[in-house]
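For reference, the structure discussed in these notes is given below.
Residue numbers (my numbering), protein chains in the order written: chain A, 1 to 224; chain B, 225 to 498.
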């Protein structure tokens, strides 16, 4: 079995299965990012509200997702909910729920940071010029916020994509789990593991690299 | 800060109330499985030759062969859940699967958390040695050097039962096998499944002792208290034993790994009788 090496990737439908796994990874990540951006915007607004109780809830939420390892949250939702409440969520639903719970809080904090970073005098000058509150938001605050936000949001998105590798622990057959299964087919061929993990690395790289390039170019453009 | 603490306390209280109010769904009885038209079985997905996914994306292996038959005889579809060794119990306790068939070794500790059915496979120790000086009986080992891996059942077994055998201990399986190849011992002992498969790959070596020491058994497991399903699986295993089903399973899935000369009876358990 000396000549095996890279060929393990192309036995049968192995490569198609890796791509299918990659699609599962992407699907979970994209849905999560979508939900996180929408809910994160609300989260950010609530974080700046005058109500102390509302701010406390946000703070507790944010601290929980920062302290708790994502894997613990996944187990809690996938196994724990079934045991405690009888909510038998499937792996993918649990993953989207957990990652959105995390992404919403992180996005919200980014929104809050970007909004509060705009100097107060801008709002005051606009008001002095006679702009309405809606106009101030639309023409003064929003464009500057989005500009500051984009690179950070993209950065968080690549983190979400990479973190989806954890869902293999809750029975979601994503790209890494398919990789493990291929290694399992050739358990007496030590080089199989190398080639499979190299392929998985390349697939993650192919998704995350363009996104990272985009972040870089946006950052440069807005700094000019 | 006080308010912050209050908020945390409130959130915690809410979770506890929710947890207390909600009652868990529980396991599915035999009737419920039949009605739903499918049985959910947890299998390994990367442990060839017991449970793995082949290059066509199909589940294969000794455990999978049994899972297919169980579903067929129950007249329901088989839904496979790919499990990993550390979370096998968790899948049963959270009722995500009806049965675990992931090469699950019986231990007293596990039996407190799940219910084991009758065994369908057994694992004992085996001893592999060079064909030129084949060791076929434990008595032959006295005063000789036997290679073992640290922390394995083989090490404990020989320490307790055959103190006159000189043990050569290695930290990993790989090193232990290399030690045997280099002639640092007269034989090597570990799980018989392991040595049998290794001897096939390494010409000049053979397994002279295929079954030694206290047997560990591999059994199907169901959620604690699921008596109807447990009773059915036990009946089924006895019935399958009458047609020598597990020998057929061995021929179909394990023969290739353990080779022409291996004795199926050193692994296979028919009808739950060891």
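Cβ atoms here follow ideal geometry from the backbone N, Cα and C, with glycine treated the same way.
{"query": "Within-8 Å CB hit, residue 13 of chain A to chain B", "result": "yes"}
{"query": "Spatial neighbours of residue 5 of chain A in its chain, beta-carbon cut-off 7 Å, leaving aside the 5 residues before and after", "result": "191 and 195"}
{"query": "Contact residues within the stretch 166-184 of chain A, judged by C-beta distance below 9 Å to chain B", "result": "168, 169, 170, 171, 173, 177, 178, 180, 181, 182, 183 and 184"}
{"query": "C-beta neighbour in chain A for residue 279 of chain B, strict 8 Å", "result": "yes"}
{"query": "Residues of its chain near residue 36 of chain A, where Cβ-Cβ distance is below 7 Å and the 5 sequence neighbours each way are ignored", "result": "100, 103, 104 and 107"}
{"query": "Residue 221 of chain A at chain B interface by Cβ criterion, 8 Å", "result": "no"}
{"query": "Inside the stretch 375-458 of chain B only - alpha helix (DSSP H) runs reaching at least 4 residues", "result": "377-385, 397-405 and 416-425"}
{"query": "For residue 329 of chain B: DSSP bridge partner residues", "result": "B:442"}
{"query": "Host alpha helix (DSSP H) of residue 36 of chain A (start-end)", "result": "14-47"}
{"query": "Interface flag, residue 93 of chain A vs chain B, CB-CB below 8 Å", "result": "no"}
{"query": "Straight-line Cα distance separating residue 340 of chain B from residue 2 of chain A", "result": "Any reading at residue 2 of chain A is ruled out, since the residue's pLDDT is 49, under 50, leaving its predicted position unreliable."}
{"query": "Classification of residue 213 of chain A by the beta-carbon crowding that lies within 10 angstroms, buried from 16 upward", "result": "exposed"}
{"query": "Contact under 8 Å by Cβ, residue 411 of chain B with residue 352 of chain B", "result": "yes"}
{"query": "is_contact[residue 247 of chain B, chain A] using C-beta, thresh 8 Å", "result": "Confidence at residue 247 of chain B is low in this model, with a pLDDT of 46, below 50, so its placement is unreliable and no value can be given for it."}
{"query": "Close-in-space but distant-in-sequence residues of the same chain around residue 334 of chain B (CB under 8 Å, 5 per side omitted)", "result": "313, 328, 340 and 445"}
{"query": "Extent of the continuous beta strand (DSSP E) to which residue 303 of chain B belongs", "result": "301-307"}
{"query": "For residue 474 of chain B, the first and last residue of its enclosing alpha helix (DSSP H)", "result": "469-477"}
{"query": "Collapsed DSSP secondary structure at residue 321 of chain B in the structure displayed", "result": "coil"}
{"query": "Start-to-end residues for the beta strand (DSSP E) that takes in residue 127 of chain A", "result": "That residue, residue 127 of chain A, is in no beta strand (DSSP E); its alpha helix (DSSP H) goes 120-128."}
{"query": "Rounded separation between residue 219 of chain A and residue 122 of chain A - CA only", "result": "22 Å"}
{"query": "8 Å Cβ cutoff met for residue 350 of chain B and residue 436 of chain B", "result": "yes"}
{"query": "Where the stretch 67-91 of chain A meets chain B: residues whose CB sits under 7 Å from a CB there", "result": "79, 82, 83, 84, 85, 86 and 88"}
{"query": "Close-in-space but distant-in-sequence residues of the same chain around residue 87 of chain A (CB under 8 Å, 5 per side omitted)", "result": "81"}
{"query": "Extent of the continuous alpha helix (DSSP H) to which residue 65 of chain A belongs", "result": "52-67"}
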